[in-house]
Amino acid sequence: MPSHLLPVEYPTIPAQPGGEHDVQPAQAAVELMPFAGLRLVHAALRRDLARLPNALRLLQPGDTAAAEALQRHWDFLTAMLTCHHEQQDSRLWPLLRRFAPELRLLLNWLESDHHNLDHSFTRVTTLVRIATRDPASSWPVAYAVEELAARLETHLRIEERQLLPRMSGVFPSGSRIGTLPELLDLLRLADGPGSADALVWLLEGVDPRQVDRLLADCDDMTARQWPHWRDTYARVSNQLWGPVATP
Numbered sequence: 001m002p003s004h005l006l007p008v009e010y011p012t013i014p015a016q017p018g019g020e021h022d023v024q025p026a027q028a029a030v031e032l033m034p035f036a037g038l039r040l041v042h043a044a045l046r047r048d049l050a051r052l053p054n055a056l057r058l059l060q061p062g063d064t065a066a067a068e069a070l071q072r073h074w075d076f077l078t079a080m081l082t083c084h085h086e087q088q089d090s091r092l093w094p095l096l097r098r099f100a101p102e103l104r105l106l107l108n109w110l111e112s113d114h115h116n117l118d119h120s121f122t123r124v125t126t127l128v129r130i131a132t133r134d135p136a137s138s139w140p141v142a143y144a145v146e147e148l149a150a151r152l153e154t155h156l157r158i159e160e161r162q163l164l165p166r167m168s169g170v171f172p173s174g175s176r177i178g179t180l181p182e183l184l185d186l187l188r189l190a191d192g193p194g195s196a197d198a199l200v201w202l203l204e205g206v207d208p209r210q211v212d213r214l215l216a217d218c219d220d221m222t223a224r225q226w227p228h229w230r231d232t233y234a235r236v237s238n239q240l241w242g243p244v245a246t247p
């Protein structure tokens, strides 16, 4: 698996202000997702793997702009998946093995499955590259993406149903582990996707009230730049999906 994340110090579990007891009554209707960074990656992967097959099938000969946009987005998606796996394998799983040793067998399986998924994505990446150069081959490639999405869905469900509930009992309320700010910090250290593009990709389609709550946990620069990043990303992504309806 290619390395996108730079070596970092062994993570700790600091309790940060802004936990559930600090939420004001007016914000109670917009509850922050536990381990939001992890869950947002899962949701974004599902969203794009569901709509990429149709984008492939709609490719027309000579439509170079659409083909290049699709290839760039596929490369971005796979880079985000790689960073997600590296974050889990190098930072999160070691913590869980230490503080929840009963999860070791599950974590070993998840780490092994990460490598299997990486190989599957590498194979489909080759197929997508062929389809974007020769739209006549796009239909079988679209089916390959759908099969890959089903394969990934099994992995994501195991994490969400068997692991995330247990994590709530390991990490204290207010921990940065698995949060959106932690994910953005990792991406800033990574030789991979930019944190600006990643943030908008992660928050696409999220309820605006939830977006405001998530941005409130990020640094001031991120909150200030958010409107610009969102609008810039929209101009690019509209080439693939068309205008995205606001929730």
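Residue numbering for the sequence shown is 1 to 247, as defined by this note's numbering.
Just so it is clear, CB atoms sit at the ideal spot from N, CA and C, and this is done for glycine as well.
No experiment lies behind these values; they were computed from the predicted model shown.
Segment limits, alpha helix (DSSP H) that includes residue 129:
104–133
Give the secondary structure of residue 175 by DSSP, where H, G and I count as helix, E and B as strand, and everything else as coil.
strand
Reducing DSSP to helix, strand and coil, say where residue 58 ends up.
coil
Pairing CB atoms from the segment 90–99 with CB atoms from the segment 205–224, are three or more of them under 8 Å?
no
Whose C-beta lies closer than 7 Å to the C-beta of residue 107 among residues of the same chain, with five residues either side of it excluded?
93, 96 and 97
For residue 140, tell me which candidate among 237, 56 and 225 has the shortest Cα-Cα distance.
56
Go ahead and pull the three-state DSSP assignment for residue 35.
coil
Can you find the residues in the same chain that come closer than 8 Å, C-beta to C-beta, to residue 239, ignoring five residues on each side of it along the sequence?
65, 66 and 69
Quick one: what's got a C-beta closer than 7 Å to residue 34's C-beta in the same chain, skipping five residues either side?
168
Confirm, please, whether the CB-CB distance from residue 37 to residue 180 is below 8 Å.
yes
Mapping DSSP to helix, strand and coil, what is residue 193?
coil
Provide the residue span of the alpha helix (DSSP H) that contains residue 185, from first to last.
180–188
Same chain only: Cβ atoms within 6 Å of residue 130, ignoring 5 sequence neighbours per side
137
Could you tell me if residue 87 is buried or exposed, where buried requires 16 or more neighbouring beta carbons within 10 angstroms of its beta carbon?
buried
List, from N- to C-terminal side, the alpha helix (DSSP H) runs of 4 residues or more that fit wholly inside the segment 196–222.
208–216
Any heavy atom of the ligand ATP within a distance shorter than 7 Å of the CB on residue 81?
Absent from the structure shown: the ligand ATP. Ligands present: none.
Could you check what DSSP says for residue 89 in three-state terms: helix, strand or coil?
helix
State yes or no: is the C-beta of residue 50 within less than 8 Å of the C-beta of residue 149?
yes
Mind reading off the beta-carbon distance from residue 125 to residue 74? Whole number of angstroms is fine, and I expect it under 8 Å.
7 Å
Beta-carbon separation (whole angstroms), residue 163 vs residue 40, contact threshold 8 Å
That belief does not hold up - the Cβ atoms of residue 163 and residue 40 are roughly 16 Å apart, past 8 Å.
Using the Cα positions of residue 60 and residue 135, report the straight-line distance between them to the nearest angstrom.
6 Å
Is it buried or exposed, residue 80, if we count other Cβ atoms within 10 angstroms and call 16 or more buried?
buried
Sorted by chain position, which residues of the same chain lie with C-beta nearer than 7 Å to residue 62's C-beta, five sequence neighbours on each side aside?
none
Range covered by the alpha helix (DSSP H) that runs through residue 138
138–158
In this structure, does DSSP put residue 236 in helix, strand or coil?
helix
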